[in-house]
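Counting from 1 along the sequence shown, just add 16 to a position and that's the residue number in this note's numbering.
Below is one structure, written out as structure tokens, with a few remarks after it.
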Amino acid sequence: MIRQSIIRGVGAYLPERVLSNDELSRTVDTSDEWIRQRTGIARRHIAAPNETTTDLACEAAQRALEHAGVRAEDVDLVVLATTTPDNTFPATATRVQARLGITKGPAFDIQAVCTGFLYALTQADNMIRLGQADCALVIGAEIYSRILDWQDRGTCVLFGDGSGAVVLKAAENGADAGRGVMRTVLGADGRYYDSLYVDGGPATTQTAGHVRMQGQEVFKHAVDRMSRLVSKLLEEEGLSVADLDWVVPHQANIRIINKVGERLGVDKDKVVISLEEHANTSAATIPLAMDHAVQRQLFKPGDLVGLTAMGGGFTWGAALVRW
Ligand code: UT7
């Protein structure tokens, strides 16, 4: 049985505490001007000391469920994309499942760094297509503030904490014709492991470690991968860039986002940007940007939306969605 899956609801959450560029520049050698010009980031949100990835994930998930008009007990799959799980095991998704009162179906984490949400969406979509699930919570939630080296200006200014979620449901016969996740693509090339990684972990240092990155290397690959993936999916669907209503790119750097738009040949006003408010929240940026668009009622039924991301690994992915 092949069934289309439909995004029924979107939700997001940013922790209360805001850390501005100016405030950061008092503890590390940087400036508001440099950060804004080079990245497009104005501020980031930082989780409270007692807040966990489960807390962030549940906030976004509850908002997505409300938006979808779906009860938690009807969810039969939880897929959580995160690089900052509460504990090494079990999966943070199982804590989210229990907290929300979900008792049916599997719950698992996906680790694909900034591509995590698209890896998670693809798994959930595939399971719905195969009839293995009917109603999935797909979540991206991260607390990068706990794995940043706050002395390294090359990385600490770029990231923030946050979460976003969607409710993905099997299409209903007839009414939903043509809508939903149309096509997804994922990839990875582990030869680039050292270009963006965390220098710790349970099997190496037994500590969580800190983010290390060769910024320019990542930048180059991000522009190339993220634009090519959307073109590839359009081509496979027999569509062109002119058919695209919206692009939701991973929110890491405004210059990457602008270059992806230019390469694709889409108008600037078709590219969803929420980066300024929350910085790079890794697996959470795509649902955060989708929520930004939904709150502003940008997506209309029938709109063609392209999602695209690239991250550590390297990993990459994209999806075409008929809203
Ligand atoms: O989701 C995937 C994860 N990561 C990314 O997507 C990030 C991809 N990379 C980038 O966004 C950019 O490469 C960065 C924002 C990280 C850096 O921007 P850049 O234009 O590539 O700068 P750069 O690394 O070439 O550095 C230029 C200068 C250097 O100084 P010198 O050598 O020219 O004197 C850096 O030391 O800027 C300096 N610099 C800073 N200055 C003030 C680097 N970080 C900072 C900082 N504040 N925070």
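Glycine included, every Cβ here is placed at the ideal spot set by N, Cα and C.
In this text the structure is predicted, and so the values were computed from the model without any measurement.
- Here Q139 is buried: its Cβ has 16 or more other Cβ atoms, across all protein chains shown, within 10 Å.
- When A28, P106 and I23 are compared, the shortest CA-CA separation from S290 is found for A28.
- The alpha-carbon separation between L249 and D283 amounts to approximately 18 Å.
- Counting only residues of its own chain and dropping the five nearest sequence neighbours on each side, A238 has a CB closer than 6 Å to the CB of I272 and M326.
- Contact check between the stretch 260-277 and the stretch 313-325: three or more CB pairs, one atom from each, fall below 8 Å, which counts as touching.
- Relative to the Cα of A157, the nearest Cα in the group G147, E39, Q127 and M229 belongs to Q127.
- The beta carbon of D90 is closer than 6 Å to those of C151 in its chain, skipping five residues each way along the sequence.
- Using a cutoff of 7 Å, the CB of I51 counts as near the ligand UT7, since one of the ligand's heavy atoms is closer than that.
- For T68, the three-state secondary structure derived from DSSP is coil.
- If you check the C-beta of N274 against the ligand UT7, you find no heavy atom less than 7 Å away.
- Just so you know, the alpha carbons of A107 and P31 end up roughly 22 Å apart.
- In this structure, M242 has its CB at a distance of at least 7 Å from all heavy atoms of the ligand UT7.
- Judged by DSSP secondary structure, Y135 falls within the alpha helix (DSSP H) whose first and last residues are G132 to R145.
- Scanning D259, L153, G132 and R199 for the CA closest to the CA of Q78 turns up L153.
- Q113 places its beta carbon 8 Å or farther from that of V129.
- For N269, the shortest separation between its Cβ and any heavy atom of the ligand UT7 lies below 7 Å.
- Counting other Cβ atoms within 10 Å of its Cβ, G180 reaches 16 or more and is therefore classed as buried.
- Looking at R19, E67 and V34, the one whose alpha-carbon comes closest to that of R59 is V34.
- Counting the other Cβ atoms within 10 Å of the Cβ of E293 gives 16 or more, which makes it buried.
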